[in-house]
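Remarks on the structure that follows.
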Amino acid sequence: MRPARLRPSKHLPQGSGEVPYALSRDELRGFGFGQITVALIQSTPWQTVIAPRLDAIQLKRERAGKEKPWYSAHELEAICLLQRVAGLTSYQATRDFLAGDTIAADEARRLLKLDRTRGNGRRRGRRGEFSSGPTQQFDGVPSKATMTRFLRCWDEVERADLYEQLFEATLQEHLEFPEFQEECLTLYGDGSPMLTHYTAPIFDPKSGKIVNAKKVTAPEAGYAGYERGPDKCGDGWNLLALVTRTSLPTAYELPKIHDSERVEFVPLVNLFATKVRPMLDPERVGIITTDGAFHSPLGREAVRDAGYVENIHLCSHADTEETNRRAEAMSGRRIPIDGYPGWFANDHREVICAHGRRAAKVIEPPKRNGRPVVRVEGSCLDGCTRSISIESGTWRRAQNPTQFVRCAPHEPADRRDWALGNGLTFNDPEASSHGKMRFGRNEGFHGAMASRYKLLEKRWFRRRGQVRIEVAMVFSIVHVIAMEYRRRLSEAEGPTLQLAA
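Under our numbering, the first residue of the sequence shown carries the number 149, and numbering increases by one thereafter.
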């Protein structure tokens, strides 16, 4: 096969980037757990979204004729937030951390105002009795019972809604940074299971009845069997996220683990198009790279409607004998294209002439309907009578005989073959480069969520609301850290730029 013009498209974003929320960076040195927590609490999104509700809860807790609570609602919620910042999975572990004698614990107690005893030095004993004794570091840290009573004041669904609003508001604040806007033009999509120790209902595929009704302890969770693969099975939910080339989440969905990724990909892209895309340059074309599990006509259409081009291949790039054999067979297939004698498409949707010349990709900024112009075009000097131009989304595959034919104007999107005409194919170097970056960035993102924040560990999640709160909290935290990194980096570079000028 003769290569065509395989140079990178001048209209697609290029480059990679550093993960801006890695605390190992020199610019973030000294930005500890307590400072991160306070930074989020003092932010405008928190003061707008969360603080008013905490004020209302505090008024409810201060009942007439009763002793004033030793800890305010703001202090208790700050401890919940600190738990997620520190990547701790239980309140006991959080309490042990706060009562420790480490520098990080001392700073956190001071910043969260937990470095003083409550109740005039009295400590509660059994049955609510008070006792006096030597002051201990635990005296300034609320007990598990206090925290439990506080969380009962929150409606779980309301709390989840507010934290999702907090994430959206924090994301909008971050989008005021031009560098983050640029990063949002390169997105990677993937899913990661959020498993629970509890038992989800299992439905019989024929009757639709629950076959383990007596064992169900997490009715809102889903279940996927081993046939889905060792890393996609179990009880729980699936965290579908669109992350930037610096591993920052921009939009996410939490379907049940057995729900189809290609179906859930559509609302995920639509959410991004609604919340984030309006903040970006409408004349710029973005790219979304995912694995083949997200391939569907409706998903590709949603990507185009968002002003992006999808980089989704029909064959895996895994370096195994089976996938290599399948990829080679797909490359060798020749399917005629109606109206263009001598031109064919293989199963990767690469357009090739009878003499082996490949059509080149053309990607241009949006000109109509907000969609970028995506097509391939080519010509042959070895005898093919016609040059070719195939616009993505205007062709479909027909049978008897097998060929690609033009779509009628009224044909629905799910019958159109959006991959034909999209030059970001299996053998395209630019598409392959984005695919390798997706693998690295998504692995880094999922690794941080699993090891640093314990978000993707198997947890004791009984309800979906608990999962929503955890995810929204963590995603808000990483954006706050990223913004602090950008501010410090800008301050560090400021004097140098002035001297250079």
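A virtual CB, placed ideally from N, CA and C, is assigned to each residue, including glycine.
Name the DSSP bridge partner or partners of F492? P484, I500
Rounded C-alpha distance that separates R410 from F179: 39 Å
8 Å contact criterion, which V414 and L446 should meet: CB distance rounded: 5 Å
For P290, which residues of its own chain have a beta-carbon under 6 Å away from its beta-carbon, when the five flanking residues on both sides are left out? Y219
Spell out the partners DSSP gives Q551 in its beta bridges. A546
Between E166 and chain D, is any beta-carbon pair separated by less than 7 Å? The chain inventory of the structure shown lacks chain D, comprising one protein chain alone.
What's the call for P341, buried or exposed, on a 16-neighbour Cβ count within 10 Å? buried
Between S580, S191, D486, F351, which has its C-alpha nearest T550's C-alpha? D486
Taking the alpha carbon of E375 as the point to measure from, which residue in A348, V553, H406, D453 has its own alpha carbon closest? H406
Kindly identify the DSSP beta-bridge partner or partners of N459. T437
For G480, tell me which candidate among L637, G504, Y488 has the shortest Cα-Cα distance. G504
Can F298 and L176 be called in contact, C-beta distance under 7 Å? no
DSSP-derived helix/strand/coil call for A421: helix
By DSSP, does L343 sit in helix, in strand, or in coil? strand
In chain order, which continuous runs of the alpha helix (DSSP H) of length 4 or greater are located wholly inside the region 323-375? 326-331
In angstroms with no decimal places, state the Cα-to-Cα distance between A348 and K404. 10 Å
Within a Cβ cutoff of 7 Å, which residues of the same chain sit near A561, ignoring the five residues on either side of it in sequence? P445, L446, E449
What three-state label does DSSP hand Y400 in the structure shown? strand
How big is the Cα-Cα spacing for L314 and T250? 31 Å
Helix, strand or coil at V167 [DSSP, three-state]: coil
For K602 and R232, what's the separation of their Cα atoms in angstroms? 9 Å
Please state whether DSSP places R177 in a helix, a strand or coil. coil
Counting pairs of beta carbons, one from the region 556-576 and one from the region 454-462, are three or more of them closer than 8 Å? yes
Rounded straight-line distance, which links the Cα of W491 to that of R545: 15 Å
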